[in-house]
Every structure is written in structure tokens, then in C-alpha cells.
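Chains as they are written, first to last, in full-length UniProt numbering: chain A, 1 to 228; chain B, 1 to 228.
In this text, a Cβ means the ideal position worked out from N, Cα and C, and glycines have one as well.
Single-structure report; data block below.
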DNA sequence: TATGAGACTTGATCAGCATCAATTTCTATA
DNA sequence: TATAGAAATTGATGCTGATCAAGTCTCATA
């Protein structure tokens, strides 16, 4: 693991929703206690089974969070971008990680220790509220994902995913897959072969149009959500 | 909705992990701000789409939390018992509920408003830590559930579920299904017919033995987790 | 710009499980 | 304890999507 301590934690603190509502002075105070670290593409930030004393916040780059099922199959849980954090389970519950966290590209993160965070929470209850908000939303997303797995067909999951990718303002009907079809398949709980076939089907039904390998135009949002 | 305000909130506050680490005086203080309410069997405590200002803590009884998928199918998310709480998404994020919460039997709950809770969090940061712990664990459970849906067969999910039911001390190898096969099917993302058939298969493989309708003896824990 | 490795596509096959339908068993309550 | 309504079982059938295999395409790098 390559660690470089430098002075640009500023981004981290300023970036994250859990801190960026604070005043300048307060953010400066937080910067005192965060540690900056970088990881090379492919490096693991943590592994399932390890303990840890820190919350990890992505500053620059992307991190792939995945799980192994009891039977050893890999499932992509989510992809972190700048401002997202991970490691809360091991941190708050003082247990081991259940995930693997892997840098997808060269990535810089900030880390804050349990003790420091606890101090901040006591001093600034607003931070706790932000954390509670974020975690509640994550529960919601994860439950929604579970519900989709258990009640919807692969077509529908893929179609919902494409619609979710559209920018919420609806300004653009062009979406770009943020990951390979292999990772997408893992995220959607299917295989790369099936993703490829289903994308083709959706195109044949004139619901989407492929613009390039990873770029698609959404032609008919309503019917995408109404498959079957 | 039948609401009875009475004086026995005591149980609620004493019961929940998020409060029961406090001193007697502190718990008394909290009792001042919680409201007790009862729901009859079958009553909805809240619906998806509603807003709400309260966190709901189960005092006595059971509450079924379920979701509807985009296409309208019902999925059981979890079942609350005494000490469990719900409503955090709508409360913390000031959005609408994404769930339905239904009393499975006559149930009494305590509710605490956003404003009161916020006050408590500021005064007692330890409560925030407990909430963060609980929510982190829930994320973990939900992600694990999603992973099981996406990577494991119905047999395996059912078998894992039975093993999870065993008391963690491993003192007893007899488990009792806490819900109907219909609800279990919904929880596991399958159909009642399939649950029935798979239970029969597991019994024919001598991995479990049915003692009564809802009671099973686990004969071979290791192989239950090693199906295939 | 050549080349190899990984990403994606396409085809053929087949197992798992949903669905529909018909009983049988359980259980709450009169 | 009788009985209706719900829950669970069992059977028959068909579809979805996994798997294996054999390509083709893309792109980073020498």
C-alpha cells in the first residue's frame, strides 16, 4: 500500500455532504484529523474479515465495493466516487469488514479514525444527522436493489438501471454506462452474456439506441419501465 | 387508527438498544417525549408515499415491513419485534416512506418526533452512535440479502435462512419459522409452492427433519451451507 | 501500426423455478 | 367440536436465463 501524507485533504472535507455544511473554521478543524492516502489502480483498500479503525472517504478516483456470497460468487455492491465514504460497519460496530474495497483507478482517499470521528460527533451533532441521513438512504437503496432481484426479471432490472442512469433533470436522454458489462452483470445479478443479449433486445424493441460501446440513447423511457 | 395514550412507555425506552444504555434519569427524560400508540392486527402503521415526523419503536407485538416493486409485486423486507424501530428514512431525510408497515398482531409502539429526537441527539451523542451502529448493521443485512438473491439458488437461500435462525450459541438445533411459508417465500424471493417443495427436498436429503408445521430440526448444518 | 489480452457477441443446450390447477391439511372461532 | 377459510402440498407444463463454446471487436501498449 502506498501512502503519501500531503496537505490537500482540503478537497475531501469540502467535498463530502457529511462535512461541507460546516463553517470554514470547523472544516479546518476536521482537516487536522483526517489522513490522506493514495491507492494504485487495482489495490485493495480493505478486505472482508479485516478489522479497521477508520472511515474512508473518496477524494479522487473510484472504488469498487464488492461482496462474496457464502458460495464464493462475487457481487458488485456499489461504486464509490468522490465524496462517497465506506467502512462504516467495521467502524461503528467494531466488527470486521464484510466487503472488499478495490481502487478502480489511481485513487486518493481521506481517512478518519474512530476516536476522531467520535469526538467530532460529540462536538457537532449536525454531522451525526448527516451520517444518519446518508445511511438511511443507503438502506433504502440496498433494499430496493434486493426487491428488484427478488421480484423483477433481468430485462426489467437492466431497463430500470438504464433509466436510473439518466440525469434526474431529464435534460439528456443519453446515458453512459459507468462500468464494464462484466461489472454491470455482477451488479444486476446476471451474466455478461445475458446483459449483451438483453441490450440487443431492448434496441430491437426500439426502446434504446446504441451510440457507442458504452453510450446509449433512451428512446422510450415509459415503456422501458413497463416491460412485459 | 386506534390511539391510546397511557403511561407504560417505560417498556419502550428500556427495551431499545438505542436508549437502554443510558442512566435511569436520562431514560425518564426520554419517556417525557415519546408517545405510545396501539395498532390492531392488520392495521397499517404507515404506507409508502406518506411523509412522517416520527420514529416508530415496537414495544409489544410484531410489524411486517414490505415493499412493492416497480411492477407491483410485494416483497417482505423484515419483521420487527419488540425493541426494533422503523421510519428512519422518512424521518432523517424528510422524504416519504418507501415501505408499508403493518401490524401482524395487536401491537403497541412508541413514537418520537423528529424535533424531540434531534434534541436528544444533541444532548446525548451516545444515542447517535447507537443509531449509526444499528443502521450500519441493517445496511450489511440488506446487502447480504441482495447478494444472496443475486448469486445463490433458492435451495441455498432457504438453507442459509434456516441456519441463520438457529440460536447463535448453537445450543439448540431446533428452529421455528417465525412466519408463514407465504411470507417466507416473499422474503426469500420465491413462491410458496417452491418453499414447500424445497423443504421437502432438504428433508429427503436428511439435512433437516420436520417436527411440526413450523418447527424443524437441523440435522446437518455443514451440508446445509454446502448445497449443490 | 501491429499485436495480444480482455471485452463483448452469438449460438445451442438445459436446469431451475414460476405458474396454474387441484387437493389436502391446518387452525381459529362459532 | 364442527366448519369455513387459509395455508400448505403435489402435479404438470413452459419460459427465463445460466452455462459452455467459439467466435469477433476494441484498445492499450510495444
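Against chain A, a Cβ distance below 7 Å from residue 75 (chain B) picks out 147, 150 and 151. Per DSSP, residue 130 (chain B) has no beta bridge partner at all. In the DSSP annotation of this structure, the continuous segment of the beta strand (DSSP E) that includes residue 66 (chain B) starts and ends at 63-68. With a threshold of 7 Å between beta carbons, residue 164 (chain B) makes no contact with chain A. Apart from the 5 residues on each side of it in sequence, residue 104 (chain B) sits with its Cβ closer than 6 Å to the Cβ of 62 and 64 in its chain, given in chain order. Under the DSSP assignment, residue 108 (chain A) falls outside any alpha helix (DSSP H), being part of the beta strand (DSSP E) whose first and last residues are 107-113.
Taking all protein chains shown into account, residue 183 (chain B) has 16 or more neighbouring C-beta atoms within 10 Å of its C-beta and is therefore buried.
Interface annotation for the region 115-128 of chain A against chain B: 118, 121, 122, 125 and 128, criterion Cβ-Cβ distance under 8 Å. The beta carbon of residue 89 (chain B) falls within 7 Å of a beta carbon belonging to chain A, placing the residue at that interface. The region 42-51 of chain B makes no contact with the region 16-28 of chain B: fewer than 3 CB pairs, one atom from each, lie closer than 8 Å. Residue 137 (chain A) reaches chain B at 89 and 93, counting residues in chain order whose Cβ is nearer than 8 Å. Per DSSP, the continuous alpha helix (DSSP H) segment holding residue 194 (chain B) begins and ends at 192-204.
Of A:31, A:33, A:100 and A:15, the smallest CA-CA separation from residue 50 (chain A) is found for A:100. With a cutoff of 7 Å on beta-carbon distance, residue 151 (chain B) and residue 75 (chain A) are scored as near each other. Ranked by Cα distance from residue 175 (chain B), the options B:221, B:139, B:133 and B:204 are led by B:221.
Taking 7 Å as the cut-off, the Cβ atoms of residue 53 (chain B) and residue 113 (chain B) count as close.
Residue burial is scored here from C-beta neighbours: residue 17 (chain A) has fewer than 16 other C-beta atoms within 10 angstroms and is therefore classed as exposed. For residue 59 (chain A), the enclosing beta strand (DSSP E) has its first and last residue at 54-60.
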